[in-house]
Structure formats: C-alpha cells, structure tokens
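K.L.:
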Amino acid sequence: MEDPKHLEIVTHLKDHLIVSSELENVVALFKTLGDVTRVRIILALAESTLSVTELTEVLDLNQSTVSHQLSLLKQQNLVKGTRNGKNIHYELSDRHIMTIVDQVKAHVSEHGRN
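Counting in my numbering, the sequence shown tops out at residue 119, every number present.
1) What first and last residue would you give for the alpha helix (DSSP H) that runs through threonine 16?
2) Just the C-alpha distance for leucine 81 and leucine 28, rounded to the nearest angstrom, thanks.
3) Please look up how many angstroms separate the CB atoms of serine 56 and isoleucine 93, rounded, as I've assumed it's under 8 Å.
4) Which residues bound the alpha helix (DSSP H) around leucine 75?
5) Tell me the residue span of the alpha helix (DSSP H) that contains asparagine 110.
6) Can you name the start and end residues of the beta strand (DSSP E) that leucine 97 belongs to?
7) Identify, in the order they occur along the chain, each residue of the same chain with its Cβ nearer than 6 Å to the Cβ of leucine 64, setting aside the five sequence neighbours on each side.
Shown next, in the form of structure tokens:
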C-alpha cells in the first residue's frame, strides 16, 4: 500500500509542475547557454557594454561569429543593443543571467567535473 503522504505529493506535483510551453522556454535558454562562445560574450558584457568590434577584439573571434552569437542571445532576450552612431553597443538585458552563470560556476567549483 502506498504511503498517503507520498500520493499527496505525487498528485501535487502532477498539478503544479511547469507547463510544457514554459518548460520549452527554459530548455531553450539552457541550450543557448550550451555554447562556450555565447557564455564568453555574456561574461564580457557583464563587465561592460561593448560593440561587435570590441567583442571581436576581447574574444579573438571574427565579426561574423560574434554577430551570429549575439543574434542568438538577443532571441532569448539575454542581451540588447543600443545604436550609437554607426555602432551598436551590446549589454546584458538584465542581471538574471549572471545569477544563473554564477550559480553554475559555484556548482562546478563545489562538485567538480566528472
């Protein structure tokens, strides 16, 4: 016989877990973070607002690579650009992403990589 408390928990979870569409958005964000170049861009933009040219210099990458990765980050609302004359300067949309990155870094430091 199942424990009534356990059945209550299972029923609660079935009714309250993240809905599929929201979960798909969460997974899409994690997929976006699954690329070293995109994480490097996020880390650079956490320090300063930068143009594509500045990012190419900082990251030692070509312009088309940086622009493509910025486009993917913009699709997830992780970065935003502001036109300044002929250049667009990019910055993090908000600090939430750094909370995620910092938590992952703490987890990796604590548990190492297996």
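Glycine included, C-beta positions come from ideal geometry on N, C-alpha and C.
P.N.:
According to the structure data:
1) The count along the sequence shown starts at 1 and reaches residue 16 at position 11. DSSP places threonine 16 inside the alpha helix (DSSP H), whose first and last residues are 9 to 21.
2) Stepping through the sequence shown from its first residue, residue 81 is reached at position 76. Stepping through the sequence shown from its first residue, residue 28 is reached at position 23. As written in the sequence, residue 81 is glutamine, which differs from the leucine given in the question. Approximately 14 Å, taken between the alpha carbons.
3) In the sequence shown, residue 56 corresponds to position 51, counting from 1. In the sequence shown, residue 93 corresponds to position 88, counting from 1. Confirmed, Cβ separation roughly 7 Å.
4) Counting from one through the sequence shown, the residue named residue 75 turns up at place 70. 68 to 80 is the extent of the alpha helix (DSSP H) around leucine 75.
5) By 1-based counting over the sequence shown, the position of residue 110 is 105. The residue asked about is misnamed: residue 110 is lysine in this sequence, not asparagine. Where lysine 110 is concerned, the enclosing alpha helix (DSSP H) starts and stops at 101 to 116.
6) Your numbering for residue 97 matches position 92 in the sequence shown. It spans 92 to 97 - the beta strand (DSSP E) in which leucine 97 sits, taken as one unbroken run.
7) Your numbering for residue 64 matches position 59 in the sequence shown. Contacts found: Arg45.
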